[in-house]
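Asks: Per this note's numbering, the sequence shown starts with residue 7, numbered consecutively. Heads up, the beta-carbon is just placed ideally off N, CA and C, and yes, glycines get one too. Below: one structure in structure tokens.
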Amino acid sequence: MLITQTSLKKLSYSDHQYDNECDFNPDRISFTCFSGAIDCLTGLSELHCISDLPSEFFYHLSKISHNLHSLNIIIRNGVSKIPNELKELISLQNNLKDLKLSASSEGNWTDIIPALTKHSNTLTKLHLNNDYVDDLPYLSISYGCTKPEYVMKFLENNGKNLKGFYLEEVDCTLNSSIAKLCPNLKKLSISFKNSELDTLRIIFNSCQYLESIKVNCGIYWLKEKEVLETITKYSPKTFCELKICHYSDSELLPEDLESFFINWKNRPSFTLIINKNYGCINLEVENMKIIKKYKNLDIIKKFEAI
7 MLITQTSLKK
17 LSYSDHQYDN
27 ECDFNPDRIS
37 FTCFSGAIDC
47 LTGLSELHCI
57 SDLPSEFFYH
67 LSKISHNLHS
77 LNIIIRNGVS
87 KIPNELKELI
97 SLQNNLKDLK
107 LSASSEGNWT
117 DIIPALTKHS
127 NTLTKLHLNN
137 DYVDDLPYLS
147 ISYGCTKPEY
157 VMKFLENNGK
167 NLKGFYLEEV
177 DCTLNSSIAK
187 LCPNLKKLSI
197 SFKNSELDTL
207 RIIFNSCQYL
217 ESIKVNCGIY
227 WLKEKEVLET
237 ITKYSPKTFC
247 ELKICHYSDS
257 ELLPEDLESF
267 FINWKNRPSF
277 TLIINKNYGC
287 INLEVENMKI
297 IKKYKNLDII
307 KKFEAI
């Protein structure tokens, strides 16, 4: 079998059962069956593939293709270990900009994470599982899709470059490391347990560019009142947006809400976004009067309950 294309820029390599729209569908034909593959794929810039292709494919490609800009890998059900040859292929790229790792159902891509650290300065798009962030250095990680120690390793190598970090995993060690490893954050979405108020304070003190934070509130999480008080006392001058996701009924009282906005009058106009989820902020008449009052005073820039 011959490859007649002199220089291939994009290759989708899968099988009939999984991908009906792939550009090249080899039914597990060995890479070495193709005459001219080396010359053809030297300039490859975009690769879409599944992780359980023959390891020989990844081995040979890692020897000839070092200038991939975009890499899309799907880890399929039942794949418990990523081939070393695939990890080597990722590691050897010189200018990787767009990386997408998707685990289907029981698939798992945590084994690839250590190979990513080399590319922390070149990646501009990173897609992990089902969460997509457009403008790296922004990183989003879904709950349960990787081991905390791999995330920690990534932060140790790339944390200082991150401007946004979205973490669904609940891990006190990871939370406490953010202040040290991610000092340049502007946006943060994280779950603090009800014992981690001091961690929030430390993050505010250390992340002096922070503009927005999203937190969970409820029985097992921080209380709205203590979050607002901590923001008032410790948030940096740049801070101007709070997003609250409720997992139980709100306990925020009107006097606590008003106290916060009174103390905020000399700060940048504030955005408050409430995700009602399982519970709801207390939006009775008195609270809405307060919100309307401070919106009219331009202390509140934007309020949403979604």
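Nearest to Leu92 by CA position, among Pro60, Ser76 and Ser108, is which residue?
Replies: For the purposes of this step, residue 92 is identified with residue 86 of the sequence shown, where counting begins at 1. The shortest C-alpha separation from Leu92 is found at Pro60.
Asks: Rank Glu264, Val233 and Gly49 by C-alpha distance to the C-alpha of Cys251 and give the top, closest one.
Replies: Walking along the sequence shown from the start, residue 251 turns up at place 245. The option with the nearest alpha carbon to Cys251 is Val233.
Asks: What is the DSSP secondary structure of Asn222, counted as helix, strand or coil?
Replies: By one-based count along the sequence shown, residue 222 stands at place 216. It is a strand residue.
Asks: Going by C-alpha to C-alpha distance, which of Val157, Ser146, Thr238 and Leu105 sits closest to Leu263?
Replies: Residue mapping note: residue 263 aligns to position 257 of the sequence shown, counting from 1. Among Val157, Ser146, Thr238 and Leu105, the Cα nearest to that of Leu263 is on Thr238.
Asks: State the DSSP-derived secondary structure class of Thr130, mapped to helix, strand or coil.
Replies: For this step, residue 130 is matched to residue 124 along the sequence shown. Looking at Thr130 - three-state DSSP - the assignment turns out to be coil, as it is neither helix nor strand.
Asks: Is there a Cβ of chain B sitting closer than 7 Å to that of Leu77, yes or no?
Replies: You won't find chain B in this structure, because it holds only one protein chain.
Asks: Would you tell me roughly how many angstroms separate the C-alpha atoms of Asp204 and Leu194, rounded to the nearest one?
Replies: The sequence position of residue 204 within the sequence shown is 198, counting from 1. The sequence position of residue 194 within the sequence shown is 188, counting from 1. Their Cα atoms are separated by approximately 16 Å.
Asks: Which residues mark the beginning and the end of the beta strand (DSSP E) in which His66 is found?
Replies: Here residue 66 is taken as the residue at index 60 of the sequence shown, counted from 1. Element bounds for His66: not the beta strand (DSSP E) but the alpha helix (DSSP H), Ser61 to Ile70.
Asks: Tell me which same chain residues have a C-beta within less than 6 Å of the C-beta of Ala121, skipping the five on either side of it?
Replies: Within the sequence shown, residue 121 is the residue found at index 115, counting from 1. Answer for Ala121: Lys93, Ile96 and Ser97, listed in chain order.
Asks: Does the count of Cβ pairs from the stretch 177 to 190 and the stretch 243 to 257 closer than 8 Å reach three?
Replies: Segments in contact, no.
Asks: By the 10 Å Cβ neighbour count, where 16 or more other Cβ atoms means buried, how is Cys224 classified, buried or exposed?
Replies: Sequence index remark: in the sequence shown, residue 224 carries index 218 (1-based). Reading off the sequence shown, one finds Gly at residue 224, where the question assumed Cys. It counts as buried.
Asks: Can you tell me whether Glu27 is helix, strand or coil according to DSSP?
Replies: The sequence position of residue 27 within the sequence shown is 21, counting from 1. Reliability fails at Glu27, whose pLDDT of 40 lies under 50, so the model's placement of it is uncertain and the value that follows must be treated cautiously. Reduced to three states, the DSSP call for Glu27 is coil.
Asks: Thinking Ile296 and Ser275 are a contact (beta carbons under 8 Å), I'd like their distance in whole angstroms, please.
Replies: Start at 1 with the first residue of the sequence shown, and residue 296 comes out as number 290. Start at 1 with the first residue of the sequence shown, and residue 275 comes out as number 269. In fact, because the Cβ distance is near 16 Å, the residues do not count as touching under 8 Å.
Asks: Can you give the Cα-Cα distance for Asn293 and Lys87, rounded to whole angstroms?
Replies: Here the question's residue 293 lines up with position 287 in the sequence shown. Here the question's residue 87 lines up with position 81 in the sequence shown. Cα to Cα, the separation comes out at about 53 Å.
Asks: Kindly indicate which three-state DSSP category Thr244 falls into: helix, strand or coil?
Replies: If you number the sequence shown from 1, residue 244 lands on position 238. It is coil, neither helix nor strand.
Asks: Exposed or buried, which one is Asn281 when buried takes at least 16 other CB atoms within 10 Å?
Replies: On the sequence shown, position 275 is the one that residue 281 refers to. Under this definition Asn281 is a buried residue.
Asks: Please say whether Leu105 and Ser71 have beta carbons closer to each other than 7 Å?
Replies: To locate residue 71, count along the sequence shown from 1; it is residue 65. To locate residue 105, count along the sequence shown from 1; it is residue 99. For Ser71 and Leu105, no; Cβs fall outside 7 Å.
Asks: Would you mind sorting Ser57 into buried or exposed? The rule is 16 or more other CB atoms within 10 Å of its CB.
Replies: As a first step, residue 57 must be located in the sequence shown, where it is residue number 51. When all chains shown are included, Ser57 counts as buried.
Asks: Checking the sheet assignment: what are the DSSP bridge partners for Ser146?
Replies: Along the sequence shown, read from residue 1 onward, the residue named residue 146 stands at position 140. BP columns for Ser146 point to Tyr172.
Asks: Between the C-alpha atoms of Lys131 and Val291, what's the straight-line distance to the nearest angstrom?
Replies: In the sequence shown, residue 131 corresponds to position 125, counting from 1. In the sequence shown, residue 291 corresponds to position 285, counting from 1. One C-alpha to the other measures close to 44 Å.
Asks: Is it buried or exposed, Ile312, if we count other Cβ atoms within 10 angstroms and call 16 or more buried?
Replies: Numbered from its first residue, the sequence shown carries residue 312 at position 306. By the neighbour-count rule (16 or more Cβ atoms within 10 Å), Ile312 is not buried but exposed.
Asks: I need the DSSP call for Ser182, collapsed to helix, strand or coil.
Replies: To locate residue 182, count along the sequence shown from 1; it is residue 176. Three-state result, Ser182: helix.
Asks: Hey, would you say Glu217 sits closer than 7 Å to Lys249, going by beta carbons?
Replies: In the sequence shown, counting from the first residue as 1, residue 217 sits at position 211. In the sequence shown, counting from the first residue as 1, residue 249 sits at position 243. Going by C-beta atoms, Glu217 is not nearer than 7 Å to Lys249.
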